[in-house]
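For the sequence shown, the positions run 1 to 337 when the UniProt record's numbering is used.
Some notes on the structure that comes next.
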Amino acid sequence: MKKGVLLVNLGTPDNPETPAVRRYLDQFLMDERVIDINAFNRFLLIKGIIVPFRAPKSAKSYREIWTEEGSPLMIYTVKTTELLKQRLGDEYHVEMAMRYQSPSIESALAKLRAAQVTSIQVIPLFPQYASASTGSVHQKVMEIVSKWQTIPAMSFVNSYYDDDLIIEAFAQNGAKHKPEEYDHVLFSFHGLPQRQMIKADETGKHCLKSADCCQTITGANRFCYSAQSHATARLIAERLNIPKEKYTLTFQSRLGRDPWMQPYTSEVIAELAKKGVKRLLVFCPAFVADCLETIFEVSVEYDEEFKHAGGEHVQLVESLNDSPLWIDALERMVREN
1 MKKGVLLVNL
11 GTPDNPETPA
21 VRRYLDQFLM
31 DERVIDINAF
41 NRFLLIKGII
51 VPFRAPKSAK
61 SYREIWTEEG
71 SPLMIYTVKT
81 TELLKQRLGD
91 EYHVEMAMRY
101 QSPSIESALA
111 KLRAAQVTSI
121 QVIPLFPQYA
131 SASTGSVHQK
141 VMEIVSKWQT
151 IPAMSFVNSY
161 YDDDLIIEAF
171 AQNGAKHKPE
181 EYDHVLFSFH
191 GLPQRQMIKA
201 DETGKHCLKS
211 ADCCQTITGA
221 NRFCYSAQSH
231 ATARLIAERL
241 NIPKEKYTLT
251 FQSRLGRDPW
261 MQPYTSEVIA
271 ELAKKGVKRL
281 LVFCPAFVAD
291 CLETIFEVSV
301 EYDEEFKHAG
311 GEHVQLVESL
321 NDSPLWIDAL
331 ERMVREN
């Protein structure tokens with residue numbers, strides 16, 4: 001009998017053409033944890049406005065990063081899965097899935113069920129917890145498994161934002177670019193609406209009640225995406241001896257008019273350029289695999305914006321991808337849990 005492991009990443013279109021991107025965006029944005037407004041308004045917003053207008057533009061961006069092997073996020077998730085299988089050996093059965101599109105969580109769980117695993121450990125591939133990512137994966141898995149007649153022992157990894165091996169992996173990737181030779185360093189995390197941060201504060205007395213509410217992990221913000229992001233950035237900076245005055249934490253990928261977590265990456269890079277910053281090094285520690293948000297949004301769009309504002313170059317620090325330390329961290333996570 002084997003133990004089961006399920007790795008789940010966010011997802012990617014099946015191909016970079018508009019119909020496939022439309023299907024992906026539709027499934028992604030219709031998730032009640034991603035766009036957390038009432039169902040009727042979400043339907044009108046997603047089906048009537050966002051997807052029809054955004055799909056063609058996103059498809060063009062996906063075509064810029066697509067390779068002969070396919071989507072970078074898919075390529076690296078497959079590599080990670082295969083490397084973890086090799087590390088864990090015959091005692092474990094490892095499957096991978098995407099929260100949106102293919103391969104589905106349903107199909108991966110079906111394979112684990114057919115293998116008659118004695119347990120299933122679910123590891124969302126997001127270092128920091130957020131309801132819209134990790135929470136959505138957990139909910140989907142529970143919905144599916146709850147319909148099984150026989151449910152094996154289940155465990156869910158919540159977050160690993162401060163895992164020492166993962167911090168070291170990001171630091172090693174950054175060290176290759178010699179941070180000391182850059183004028184400033186950005187830690188750019190995927191953004192979320194402020195309302196989702198407020199909802200995560202179960203006390204109702206902490207989130208956004210002070211300017212430094214995310215600077216330290218406490219009982220009130222232990223599941224706060226922003227607080228965990230600040231912790232990740234601080235640990236990487238400390239590992240690389242980057243002084244506090246030389247780095248800034250920002251959030252990217254806004255959608256809609258509601259206030260999102262701040263400061264916004266696009267605004268900060270413009271401000272830095274106007275202050276005379278010429279060379280900018282950017283980490284994206286919310287992503288374990290390079291994808292549209294890193295390869296295109298940072299390396300292309302932000303680089304263009306930075307140069308337009310007077311800067312010279314934005315350098316992306318690659319994600320964990322298939323780093324040996326990343327596989328070390330996953331192996332330890334599986335064996336210790």
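From the three backbone atoms N, C-alpha and C, an ideal C-beta is built for every residue, glycine too.
Check	Outcome
Own chain, CB closer than 6 Å to LEU272, minus 5 neighbours either side, in chain order	HIS184
CB of GLN128 within 7 Å of CB of TYR161, strictly	yes
Reference VAL268, options CYS213, ILE242, GLY310 and LEU240, closest by Cα	GLY310
Touch test, the region 114 to 122 against the region 142 to 152, Cβ-Cβ under 8 Å, three pairs minimum	yes
Residues that DSSP places opposite GLY4 in a beta bridge	HIS93 and ILE120
Cβ-Cβ distance between ILE327 and ARG87 below 7 Å	yes
Residue of TYR225, TYR62 and PRO13 minimising C-alpha distance to GLY135	TYR225
Element boundaries [alpha helix (DSSP H), containing GLU45]	Checking the sequence shown, residue 45 turns out to be Leu, not Glu. Its alpha helix (DSSP H) spans residues 39 to 45.
Alpha helix (DSSP H) segment containing SER136, residue limits	136 to 145
Where ARG99 falls: helix, strand or coil (DSSP)	strand
Straight-line Cα distance separating LYS178 from PRO324	20 Å
Cutoff 7 Å: VAL314 Cβ touching any chain D Cβ	No chain D is part of this structure, which consists of one protein chain only.
Whole runs of the alpha helix (DSSP H) within the region 252 to 292, excluding any shorter than 4 residues	265 to 274
Assigned secondary structure, HIS190 (DSSP; H/G/I helix, E/B strand, else coil)	strand
6 Å Cβ shell around PHE170 - same chain, five flanking residues per side excluded	ILE236 and PRO285
Residue nearest to LEU208 in terms of C-alpha spacing, selected from ILE198, ILE217, GLU202 and THR216	ILE198
Rounded C-alpha distance that separates PRO19 from CYS213	42 Å
Cross-strand partners of VAL314 (DSSP beta bridge)	LEU280
Chain-order list of residues whose beta-carbon lies under 6 Å from that of THR203 (same chain, five-residue window excluded)	ALA220
Residues sharing a beta bridge with GLY11, DSSP	TYR100
Reference PHE22; option with closest CA among ASN9, PRO52 and ARG33	According to the sequence displayed, residue 22 carries Arg and not Phe. When each option's Cα is compared against that of ARG22, the closest is PRO52.
Residue range of the unbroken beta strand (DSSP E) whose run includes LYS74	Here residue 74 turns out to be Met, not Lys, going by the sequence shown. From DSSP, MET74 is part of no beta strand (DSSP E) but of the alpha helix (DSSP H) over 72 to 88.
Closest Cα partner of ARG33 within the set LYS275, SER319, GLU293 and ARG99	ARG99
Close beta carbons around ASP258, own chain, < 7 Å, minus the five adjacent residues each side	PRO193 and ARG195
Reference ASN337, options ILE120, GLU180 and THR218, closest by Cα	ILE120
SER155: first and last residue of the uninterrupted beta strand (DSSP E) it sits in	153 to 156
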